[in-house]
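Residue numbers (UniProt numbering): 1 to 341.
Below: the structure, in structure tokens.
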Amino acid sequence: MKDRTNKITIYDIAQKLNLSASTVSRALQNNPLINLETREKVQATATEMGYVPNWIASSLRKKRSNILGLIVPRTSMYFQSTAISGIQHEAHKYGFSIVIGQSDETVAMEKELVHTFYSLRVDGLLAVASMFTTNFDHFSPFIKNNIPLVFYDRVPTDFQGYTITGDDFKGGFLATEHLIKQGCKRIAHFSGLLTCNLYQQRLSGYKEALAQYNIPFDEQLVYIHDLTMDAATVAAQQLFDAKKMPDGMFAANDSSAVAFIREARNRNIAVPEQIKVVGYSNDLSSRIISPSLTTIEQSGYNMGQKAVETIVQLINHEETVKVTKNYVFPVELIKRESSGL
């Protein structure tokens with residue numbers, strides 16, 4: 001058995017089977033020019049000897065790695081985990097593998113991951129911008145070298161490339177309109193940081209619904225934070241401590257809505273009787289909390305599939321006939337108990 005510094009090569013397999021290295025190489029690639037019996041013998045011997053293909057050398061020869069890089073803020077986020085599932089399944093269908101990196105919501109780590117994936121010679125990069133990414137300059141190695149780059153969900157400001165997003169303006173509008181139709185006249189909003197396109201659009205949808213139903217916008221009812229459970233709990237405490245309590249709450253993610261409902265319960269404030277609540281994302285938590293959470297479905301799995309479909313078409317130079325440059329997924333209001341249904 002060879003050690004890590006002396007790995008098995010196709011030449012070792014060729015010597016053992018008394019074949020040429022080119023025959024072994026073709027057999028390992030399942031090339032039909034090599035008869036089936038020889039292919040099976042080579043592949044069985046390779047497995048027995050512990051042969052591992054050198055994908056870096058192979059990618060240099062083929063000028064393709066069949067690997068896609070993927071940058072996400074955190075894999076633990078429900079929406080991102082469902083999108084990653086869609087990406088993985090769709091990529092496999094096209095013969096691509098996925099390498100995932102987490103930015104942990106920091107631009108510094110995002111920059112490091114971009115450099116790493118460029119160095120790995122991935123065929124394309126899928127990315128979800130961090131909450132604090134306001135430009136895309138650090139993605140320039142991909143842009144300048146014409147390596148396909150597709151953003152989905154969160155997109156840096158003024159990015160002119162290929163994007164896959166949900167209809168966040170419509171989602172914000174639907175959530176707020178639903179609360180209005182349920183009788184709410186004083187509706188608070190928990191927003192994410194407005195450096196991020198998602199929360200800009202959801203806030204705009206909220207404002208538009210208020211305007212269409214002649215309800216004045218009150219900036220004191222908008223709480224901007226990073227939408228974690230802890231931050232939402234603090235915001236809920238501040239809201240409940242204010243002199244006049246709202247009768248409706250639209251939270252820009254389900255985690256914040258759940259934290260809000262829990263704080264209301266701690267204070268014996270009844271949901272939905274005293275205050276009605278709508279979240280965003282249709283996380284698993286929205287279905288198991290009591291009361292169950294009315295929310296906006298944004299189709300993470302399907303968005304992941306569409307992101308891969310788009311980048312594969314770009315890799316195969318099919319963009320001129322097949323690819324929508326800025327694809328927008330429709331959203332859907334899921335009505336549950338927290339809004340009075």
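For glycine and all other residues, C-beta sits at the position ideal for the given N, C-alpha and C.
Bear in mind the structure is a predicted one, so any value in this text is a computation, not a measurement.
Residues bridged to residue i (per DSSP)
i	result
Asn326	Thr163
His189	Val222 and Phe250
residue 344	This structure cannot speak to residue 344, because the chain is shown only from 1 to 341.
Leu333	Ile296
Phe151	Ala127 and Thr163
Val42	Paired residues: none, contrary to the question.
Lys276	Gly248
For residue j and residue i, the rounded distance between their alpha carbons
i	j	result
Arg4	Ile315	Confidence at Arg4 is low in this model, with a pLDDT of 46, below 50, so its placement is unreliable and the value that follows should be read with caution. Rounded to whole angstroms, Arg4 to Ile315 spans 34 Å at the Cα level.
Lys16	His317	42 Å
Lys325	Gly161	7 Å
residue 349	Gly50	This structure leaves residue 349 out entirely; the chain is present only between 1 and 341.
Tyr94	Lys243	58 Å
Leu179	Tyr327	28 Å
Glu332	Tyr206	15 Å
Gln238	Phe250	16 Å
Glu40	Gln29	11 Å
Leu210	His225	21 Å
Ala236	Glu263	7 Å
Leu174	Ile84	26 Å
Ala21	Lys144	38 Å
Met1	Glu48	Since pLDDT at Met1 reaches only 46, below the 50 mark, its modelled position is unreliable, and no value is offered.
Leu193	Asp153	15 Å
Pro32	Thr38	11 Å
Leu341	Thr75	32 Å
Gln80	Phe217	32 Å
Val308	Glu112	22 Å
Leu19	Leu36	15 Å
Arg265	Thr157	38 Å
Phe139	Asn268	49 Å
Asp12	Thr82	43 Å
Ile334	Leu120	42 Å
Val42	Ala232	59 Å
Ile215	Glu208	10 Å
C-beta atoms of residue i and residue j nearer than 7 Å
i	j	result
Val122	Ser65	yes
Leu227	Ser204	no
Ile34	Ala27	yes
Asn276	Ser339	Looking at the sequence shown, residue 276 is not Asn but Lys. Against a cut-off of 7 Å, the Cβ pair of Ser339 and Lys276 comes out as a contact.
Pro291	Val271	yes
Leu126	Phe96	no
Phe329	Ser286	no
Gly304	Gly86	yes
Ile187	Gly248	yes
Asn105	Pro73	According to the sequence shown, residue 105 is Glu rather than Asn. Taking 7 Å as the Cβ cut-off, Glu105 and Pro73 qualify as a contacting pair.
Ile98	Ala91	yes
Ile164	Lys322	no
Tyr78	Asp230	no
Gly183	Ile296	no
Phe159	Gln201	no
His189	Val222	yes
Nearest neighbour of residue i, chosen from the options [CA to CA]
i	options	result
Ala259	Glu273, Leu293 and Met245	Leu293
Thr176	Ile147, Ala252 and Asn146	Ala252
Phe131	Gly124, Pro32, Gln238 and Gln102	With the sequence shown as reference, residue 131 is identified as Met, and Phe is not the correct amino acid for it. Among Gly124, Pro32, Gln238 and Gln102, the Cα nearest to that of Met131 is on Gln102.
Val155	Asp167, Asp168, Thr233 and Ala129	Ala129
Thr133	Asn18, Leu198, Gly172 and Tyr301	Leu198
Ile147	Val323, Lys335, Val312 and Leu341	Val312
Arg336	Asp254, Phe173 and Ile8	Asp254
Val107	Thr233, Cys196 and Gln220	Cys196
Phe136	Thr116, Glu110, Asp218 and Ser119	Glu110
Asn302	Ile8, Ile10, Leu19 and His89	His89
Ile288	Ile261, Asn268, Asp218 and His138	Ile261
Gln220	Phe240, Asp167 and Gln212	Phe240
Phe117	Ile71, Val308, Ser81 and Tyr152	Ile71
Lys181	Gln274, Tyr213, Ala232 and Gly166	Tyr213
Gln274	Lys185, Asp167, Phe217 and Asp12	Lys185
Ser281	Ile215, Gly166 and Ala232	Gly166
Closer than 6 Å: residue i CB and nearest the ligand ADP heavy atom
i	result
Met303	Among the components of this structure there are no ligands whatsoever, and the ligand ADP is therefore not found.
Cβ distance (whole Å) where residue i is taken to contact residue j below 8 Å
i	j	result
Thr310	Val52	About 32 Å separates the two Cβ atoms, so there is no contact after all.
Val24	Ile8	The pair is not a contact, with the Cβ atoms about 11 Å apart (cut-off 8 Å).
Contact with chain C by residue i, beta-carbon distance below 7 Å
i	result
Asn146	Absence of chain C from the displayed structure is noted, only one protein chain being present.
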